[in-house]
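The next block holds one structure in the form of C-alpha coordinates; read it before the comments.
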Amino acid sequence: MSGSTKTMGVVTVGALVVVTAYTAALGSNGWLWFGWVVLGLITIGMVASRGN
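Mapped onto numbering that gives the first Met the number 0, the consecutive letters of the sequence shown carry residue numbers 0 to 51.
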(Lines of atoms letter the chains of each structure in order from A and count residues from 1; the text may use other names and numbers.)
(Lines give C-alpha, C1' and ligand atoms only; values in the text may rest on other atoms or scores of the structure.)
Protein backbone atom coordinates (compact mmCIF):
# COMPACT_ATOMS: atom_id res chain seq x y z
CA MET A 1 0.00 0.00 0.00
CA SER A 2 1.13 3.51 -0.70
CA GLY A 3 1.44 6.19 1.96
CA SER A 4 -1.85 7.84 1.05
CA THR A 5 -3.72 4.53 1.24
CA LYS A 6 -2.23 3.77 4.67
CA THR A 7 -3.17 7.26 5.85
CA MET A 8 -6.73 6.78 4.59
CA GLY A 9 -6.91 3.46 6.46
CA VAL A 10 -5.73 5.09 9.69
CA VAL A 11 -8.25 7.92 9.26
CA THR A 12 -11.05 5.40 8.64
CA VAL A 13 -10.21 3.38 11.76
CA GLY A 14 -9.86 6.59 13.79
CA ALA A 15 -13.23 7.77 12.54
CA LEU A 16 -14.77 4.45 13.57
CA VAL A 17 -13.41 4.91 17.10
CA VAL A 18 -14.75 8.47 17.26
CA VAL A 19 -18.19 7.53 15.94
CA THR A 20 -18.40 4.58 18.32
CA ALA A 21 -17.41 6.76 21.30
CA TYR A 22 -19.94 9.41 20.27
CA THR A 23 -22.65 6.75 20.00
CA ALA A 24 -21.78 5.32 23.42
CA ALA A 25 -21.73 8.75 25.09
CA LEU A 26 -24.52 10.66 23.38
CA GLY A 27 -26.59 8.15 21.43
CA SER A 28 -26.66 7.08 17.84
CA ASN A 29 -26.43 9.56 15.00
CA GLY A 30 -27.31 8.08 11.62
CA TRP A 31 -25.43 10.75 9.67
CA LEU A 32 -22.19 9.96 11.47
CA TRP A 33 -22.55 6.27 10.66
CA PHE A 34 -23.47 7.08 7.07
CA GLY A 35 -20.38 9.26 6.78
CA TRP A 36 -18.21 6.52 8.21
CA VAL A 37 -19.61 3.96 5.75
CA VAL A 38 -18.89 6.32 2.84
CA LEU A 39 -15.35 6.87 4.16
CA GLY A 40 -14.89 3.10 4.46
CA LEU A 41 -16.09 2.52 0.91
CA ILE A 42 -13.69 5.16 -0.39
CA THR A 43 -10.85 3.49 1.52
CA ILE A 44 -11.76 0.07 0.11
CA GLY A 45 -11.88 1.59 -3.36
CA MET A 46 -8.40 3.04 -2.89
CA VAL A 47 -7.02 -0.31 -1.72
CA ALA A 48 -8.66 -2.10 -4.65
CA SER A 49 -7.35 0.40 -7.19
CA ARG A 50 -3.80 0.10 -5.83
CA GLY A 51 -3.98 -3.68 -6.23
CA ASN A 52 -4.38 -3.40 -10.03
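No residue lacks a Cβ here, since even glycine has one placed at the ideal position from N, Cα and C. Being a predicted model, the structure only gives us computed values, none of them experimental.
Residue burial classification, residue i (beta-carbon count within 10 angstroms, cutoff 16)
| i | result |
| --- | --- |
| Thr6 | exposed |
| Thr42 | buried |
Endpoints, the alpha helix (DSSP H) within which residue i is located
| i | result |
| --- | --- |
| Ser3 | 2-25 |
Closest residue to residue i among the options (Cα-Cα distance)
| i | options | result |
| --- | --- | --- |
| Val36 | Gly13, Ser3, Gly2 | Gly13 |
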